[in-house]
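Data first, discussion second: the structure below is written as C-alpha cells.
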Amino acid sequence: MSRINLKFLFRKKKQIKIIQFSAIKSYIEKIKKEGEVSEYYEKLNRSYENLMKKTDEIKKNFKKLENMGEKNFTALAGKTLEKIEKVDKFKISSFQKFYTNTFYIINKIKKIPVQTQYELLKYEEGKKTIELLNSFLKDVNELKKVLAMRYGKYSAVNHLENATKKADEIENILNNIKDVEKKIESIRKEKEDTERLLERKLNSINHTKSDINTKRVIELRNRIKTLDDNINKIEFDLRSNILRARRPISKILHSKNKKLFEFFQNFMKYPLENINENFWKVVALIRFKDNKLNKDESRLLDEFLTFTDHELKRKIDDYNNLREEKNQLRDTLKKVSSENEKALKKIGDEKKNLEENVKTIDKRLKNLERERHSLQLLLKKNIKTLEIMIKKASGDKIKVKI
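Counting the sequence shown from 1 gives a position; our numbering is that position plus 124.
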C-alpha cells in the first residue's frame, strides 16, 4: 500500500513583508546591494570603473603626445573620448546607455586613418596609447558581456530594474491622484459657493416679487380702483340727472324745434360720450333761440340749462380729471410692471446661469471622479505588478502599503 505524502501540510509558509510605498525604493536598493544580485552590480561597477580608469589614462597620454607636437590624432580621438559620460550607479539603463554611447565613440576613433595612427608608433607614449585603446575596446566588449548576463544567470536584475521603473510609474500615478483630488476639492468648494449664491438669488427673486413688485403694483391698482369707483359714481349721478330731464326736454323740443329735438335724442342715447363741443353749442342755441315756450316749459328748460351751466360742467370736469389721472396711473402701472418684469428677468437669467454653472460643475466633478477611479484601478494593478517583480527578484513575498 502506497504512502500518502503529508509534508506539504507542515510546510512553513513564507511570511509576507508589509512595506510602505515611500520605503519601496530603499528596499529595492537594499536588494541590489545586499541580495544575490549584488555581485552582478559589483561586476558591472568594476567593469565600468576599469573603463573610466583607462579613459583617464588614455587622456593623459593624449596630453603628452599633444605637447610633443602630435595633434592630428589627439585632436580627433581626444575630443571624442571627452564625450564619454559618467553613469548613475545601480541603474542598468544608465550602463546600457553608457555602453551604447561608448561603443559609438570607439567606432569613431577606429575610423581615424591608419597612417595617422602609425605616426604615433614613433613614440613610446604613442605605442602605449594604441595599446590602451585596444585594451579599452576589449573592456567595452567585456561590459557588453556583463550587461548580457541579465538575460541568464542574473535575470533577477531585470525584475529589479523593472520594479524601479514601476515604482516611478506608481509615484507618478499617486501624484496624479493627488492633483485630481485637489481639483475635486476645489470644484466641490466652487459648487458650494455657487449653490449658496444661487440660494441668495432665489431669495432675491422672492424678495423682489413680494417687496418691490407686489407692494407698488397693489398700491397703484388700489388707487386705480378708487378712481374707477369715483368715476362710476359721477357717471351714475350724471346719467341719473340727464335721464331725469330727458322726457320733459324731449317733449318741449319735439314740438318747438325739430333739429334740436333730433340732436337731443341722439345725445340721450349716449349722454356721457356725447358731451363735447357740439353739445355746448346746442345748449347755447336752446338758451338764446326764441322757442315760444309756456311758463312750465320755460321753467323746465331753465332748470336743465342751470344744471348744464353749473353741476354738469363741474361734474364733467371732475369726470375728465379722474379719467386723466386714471390713465396716468395706468401708464405708471404699466411702466412699473415693465421695470419689475425686467428686474425679475435679469435675476431669473442670473439664476439660470448659476443653475447652468452648477450643472457644468457637476459634469466636471463626475469626469474628475471617473479619472480618479481609473487612476486608482491603475494604481492597484501597478502595485500588484510591483509586488510580483520584487518577489521574482528577491524571493520575498511583499505587500506594498500606500
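Quick reminder that beta carbons are idealized off the backbone N, C-alpha and C, glycines included.
By how many angstroms is the C-alpha of residue j removed from the C-alpha of residue i?
i	j	result
residue 298	residue 317	28 Å
residue 130	residue 139	Confidence at residue 130 is low in this model, with a pLDDT of 45, below 50, so the placement of that residue should be treated as unreliable; the coordinate-derived value is given next. Straight-line Cα distance between these residues: approximately 21 Å.
residue 126	residue 164	Reliability fails at residue 126, whose pLDDT of 46 lies under 50, so the model's placement of it is uncertain and the value that follows must be treated cautiously. Cα-Cα distance, rounded: 46 Å.
residue 522	residue 491	34 Å
residue 348	residue 489	54 Å
residue 134	residue 230	The predicted model places residue 134 with a pLDDT of 47, which falls under 50 and marks its position as unreliable, so this point remains unresolved.
residue 222	residue 172	9 Å
residue 342	residue 487	44 Å
residue 475	residue 329	9 Å
residue 506	residue 262	40 Å
residue 502	residue 494	12 Å
residue 450	residue 351	6 Å
residue 480	residue 346	40 Å
residue 226	residue 216	15 Å
residue 289	residue 152	11 Å
residue 157	residue 256	31 Å
residue 513	residue 150	15 Å
Look at the Cβ atom of residue i, then the Cβ atom of residue j, and state whether they are nearer than 8 Å.
i	j	result
residue 482	residue 323	no
residue 530	residue 147	This structure cannot speak to residue 530, because the chain is shown only from 125 to 526.
residue 311	residue 485	yes
residue 478	residue 344	no
residue 264	residue 274	no
residue 358	residue 455	no
residue 355	residue 446	yes
residue 251	residue 245	yes
residue 254	residue 510	no
residue 86	residue 182	Residue 86 is absent from the structure shown; the chain starts at 125 and stops at 526.
residue 499	residue 304	yes
residue 525	residue 142	yes
Which two residues bound the contiguous alpha helix (DSSP H) that contains residue i?
i	result
residue 294	280-331
residue 148	148-158
residue 176	162-191
residue 250	248-272
residue 221	216-234
residue 238	238-244
Hey, quick one: how far does the beta strand (DSSP E) through residue i stretch, first residue to last?
i	result
residue 144	141-144
Between residue i and chain C, is any beta-carbon pair separated by less than 8 Å?
i	result
residue 146	Absent from the structure is chain C; it holds one protein chain and no more.
Could you check if residue i belongs to the surroundings of the ligand NAP, using beta carbon to heavy atom distance under 7 Å?
i	result
residue 183	Annotation note on the ligand NAP: not contained in the displayed structure, which lists no ligands.
> What are the start and end residues of each continuous beta strand (DSSP E) run of 3 or more residues lying completely inside the segment 479-524, in chain order?
Replying inline: none
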